[in-house]
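Following: one structure in structure tokens, then a few remarks.
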Amino acid sequence: MATTDNKTKNTVFDVKHLLLTLMFNINISAFLIPFFICLVFCGIPLFFLETAVGQFTGQGTLHVWEVCPIFKGVGVGMLISMTIFCIYYNIIMAWSLYYIASSFAVPLPWTSCNNEWNSEYCTDDRSTLNLTSQVMQGINSTNSTPNWITAQEEFWQEDVLGMSSGIEEIGTINWKLMLCLLGAWVVVGLCIIKGVKSLGKVVYVTATIPYILLTVILVRGLTLDGSIDGIKVYLSPDFSKLLELQVWLEAAIQVFYSLGPGWGPLFTMASFNKFNNNCLRHGTDYYSDSVLLSLAGEGTSLYSGFIIFTVLGFMSTSFSLPIDKLVKSGPGLGFIVYPEALAQLPGQNVWAFIFFVMLLTVGLDSQFAYCEAVIVACTDKFKKLRKRRILFVVAFCIANFLLGLIMVTQGGIFVFQLVDWYIAAFSPAVFGLIECIVFGWIYGFDRFSKDVHLMLGRGIPMFFRICICFITPAILLGLFVYSLTSYKPPSYGSYEYPLLAAVFGTFLSILPLIPIPICAVGIVLHAPGDTLKDKIATALKPTPKWKPVSKELQDSYYDSDSESSRSLIETIKLNVMGRT
């Protein structure tokens, strides 16, 4: 069981998705409506469920599944997902460190074509690309069209990444980027080495600095020509996009990234709360920490959107290009377009430094939570590791650093894109669906509401009951089916991945799901019972390890927990209405 001070650490997710908002291109005008619908009916209910379970049991990702042992494989799958996430997510931190170091060069190295990595087709004026495009429209021979590339793109591709032609050509390690990756893991290791006590102090800084830096950049952005035009684009919804299921799928994926449900860290972070922490507050209205934290995080997403589009509006005016021609998919927005915009400002080095420090702190904030969740899960499972936590953390960071080296090679960006393409494809939605089934129907949501009542003195509001029992699993199931039927092979810009890479990516997407049937079979076989039916019935019931973390309530917990068999109608009524 996780044991440390009882400060809540859920704030580590408040600004996690800011990095994704800044870095990955989405049609924001078509995105906000489905995003908030998925947030309200899927993200927030799951966020509440996981934080309430973690707080009630005081257990991490692995041990909360004592509630229904047949699904212990879900905890193992979450552990796999979090470990993969930790490996590839720190690559983003390495990129940020690289740009922070480059921000001290005068002039900024990505503002000119006079560097050793620049080619003859480099241009430091994006408006040149627009003019060239207009001229070439009247030329029939495509052979005469030069492949112009901006200075920012060449800095990203040639200096930062040393990018090869594809994943088939992994190439050599970029030693400068490797040092940045090493630095990122050193920072992570130092911050989590003492556990949540030290982590909590660091989080107060990393969760606050981004807001300050964002505000500074926003104030500056609003003074730029064209900034208002950018905001108008940001606030102009394209309602026709709501008919595209892909937009809804992207919205759901972003919710899972932004709040963290279905991944596992929420169980661990909530396990450090006080037992009676008001994760379900009530007064004249019903509020919850889950709702407040979620809305605070999504408010940050909206806030960052204003910042992005003020600068994109400025660039659109400066280069006479529409905004949709400025934004690229993948990490282009964070590491090509935005640095290019900041380079247009007086004091460009200062603004570049501020921006990338902000990216770094936001990313570290998230990385802390995932790494700590993995470490707590391992130390809870293997008790001897608790006494050797420092050594284990060092070994964990070294191992992940070594595993991440392939992503700082010349072909590393293609490996990164492949992992990012597949890691959230299926598993978070499947894990969330299983959570709804287990706590809504197998364990029983009315029964879980009684557990929450032990913590807070009141049960769970009807909204959460209806969502977790009906709406949320329906959404997750629909999105899962659609993601299977609308599968598209991975790509990076115009580069199409070979079949073998796509096969590996598919395996990566289902890898976290493999422990579920394996563990289920093992648990059923070892469960007490004369027949297979008896064994399965036993494996579906909570074990004695499922109990409140409060020692005062543990002795009487199962004495008062008598559950008789009910009809389906009675179960539905209790799940929705509760006991009258």
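Residues 1 to 580 in UniProt numbering are what the sequence shown spells out, letter by letter. Cβ atoms here follow ideal geometry from the backbone N, Cα and C, with glycine treated the same way. Keep in mind the model is a prediction, meaning the values are calculated, not measured.
Identify, in the order they occur along the chain, each residue of the same chain with its Cβ nearer than 8 Å to the Cβ of residue i, setting aside the five sequence neighbours on each side.
i, result
"F504", "L418"
"S486", "L245, Q246 and L249"
"Y121", "P146, N147, W148 and I149"
"F416", "Y88, I91 and M407"
"S133", "Low per-residue confidence applies at S133: pLDDT is 47, beneath 50, and the placement is therefore not dependable enough to give any value."
"A429", "A252, F256, G262, L476, L479, F480 and S483"
"L403", "I87"
Quick one: does the C-beta of residue i sit closer than 6 Å to a heavy atom of the ligand HEM?
i, result
"A352", "With respect to small molecules bound, the structure shown includes none, and the ligand HEM cannot be examined in it."
Compare the Cα-Cα distances from residue i to each of the options and report the closest residue.
i, options, result
"F335", "Q55, T51 and L97", "L97"
"I37", "N118, S366, G60 and I471", "I471"
"T61", "C378, R458, N276 and L243", "C378"
"F41", "P473, L484 and H526", "P473"
"W117", "M93, Y99, I91 and W156", "W156"
"F85", "I442, F256 and L213", "F256"
"L359", "W185, L213 and D324", "L213"
"N115", "S103, A151 and K547", "A151"
"F239", "P34, V452 and L342", "P34"
"M269", "L513, E50, P237 and S556", "E50"
"G262", "V549, G404 and I44", "I44"
"F401", "V186, W546 and P542", "V186"
"G522", "P512, L508 and A539", "A539"
"L46", "F355, A537, F267 and Y557", "F267"
"K176", "W95, E169 and D124", "W95"
"E496", "V64, V106, G75 and S165", "S165"
"S227", "P346, F309 and Y338", "F309"
"S556", "P322, G313, T83 and D451", "D451"
"T123", "F56, E340, L32 and I100", "E340"
"M315", "D365, V362, R388 and D229", "D229"
"F104", "I514, F356, E169 and A373", "F356"
"S271", "Q254, L181 and V53", "V53"
"L405", "F48, L181, Q55 and W65", "L181"
"V67", "E435, K383 and E372", "E435"
"D365", "S550, V394, G189 and G347", "G189"
"G171", "K384, F414, K325 and K383", "F414"
Thinking residue i and residue j are a contact (beta carbons under 8 Å), I'd like their distance in whole angstroms, please.
i, j, result
"A520", "I70", "5 Å"
"L456", "N273", "That pair is no contact at about 12 Å."
"D420", "Y88", "7 Å"
"G73", "I437", "No, G73 and I437 are not in contact; Cβ-Cβ is about 14 Å, not under 8 Å."
"A352", "L179", "Contact doesn't hold; Cβ gap of about 20 Å is too wide."
"I167", "G411", "5 Å"
"I390", "I192", "That belief does not hold up - the Cβ atoms of I390 and I192 are roughly 10 Å apart, past 8 Å."
"G305", "Y234", "6 Å"
"Q367", "M93", "7 Å"
"I209", "I307", "The Cβ separation is near 15 Å, so there is no contact."
"T361", "T206", "5 Å"
"G264", "M82", "5 Å"
Note down, in chain order, each residue of its chain lying with its Cβ closer than 6 Å to the Cβ of residue i, except the 5 sequence neighbours on either side.
i, result
"N174", "G162 and V408"
"A252", "C38 and L479"
"L574", "D446"
"E158", "W117"
"N6", "For N6, the predicted model reports a pLDDT of 36, less than 50, meaning its position is unreliable; a value from the coordinates is still stated below. The residues are K274."
"I572", "none"
"S448", "Ser is not the amino acid found at residue 448; the sequence shown has Phe there. F439, listed in sequence order."
"E153", "I336"
"A343", "L108 and T111"
"I569", "none"
"L345", "W351"
"K545", "E66"
Please list, in chain order, all residues of the same chain as residue i whose beta carbon is under 7 Å from its beta carbon, the five residues on each side excluded.
i, result
"V219", "none"
"S483", "L249, A425 and F426"
"G183", "L97"
"V160", "W95, Y98 and L177"
"K554", "Here residue 554 is Gln; the residue named in the question, Lys, does not match the sequence. Closer than 7 Å at the Cβ level, and outside the excluded window around Q554, lie K547 and P548."
"V106", "N349"
Give the DSSP bridge partners of residue i, in chain order.
i, result
"Y492", "Y495"
"T123", "T150"
As an exercise, report each continuous alpha helix (DSSP H) stretch of at least 4 residues that is fully enclosed by the region 162-192, in chain order.
Segments of the alpha helix (DSSP H) lying fully in the region 162-192: 175-192.
At which residue ranges does the region 366-420 contain complete alpha helix (DSSP H) runs of 4 or more residues, listed in the order of the chain?
You should have 384-387 and 389-404.
What beta strand (DSSP E) runs, 3 residues minimum, are completely inside the region 429-503?
Listed in chain order, nothing qualifies, since the region 429-503 has no complete beta strand (DSSP E) run of 3 or more residues.
Which runs of the alpha helix (DSSP H) at least 4 residues long sit entirely within the region 306-343? Give them in chain order.
The region 306-343 contains these whole alpha helix (DSSP H) runs: 323-326 and 338-342.
Could you tell me which uninterrupted beta strand (DSSP E) segments, each at least 3 residues in length, are contained entirely in the region 53-113, listed from first to last along the chain?
The region 53-113 contains no whole beta strand (DSSP E) run of 3 or more residues.
Just list the alpha helix (DSSP H) runs in the region 500-546, keeping only unbroken ones of 4 residues or longer that don't cross its boundaries, in chain order.
Taking 4 residues as the minimum length, the alpha helix (DSSP H) runs contained wholly in the region 500-546 are 515-526 and 532-539, in order along the chain.
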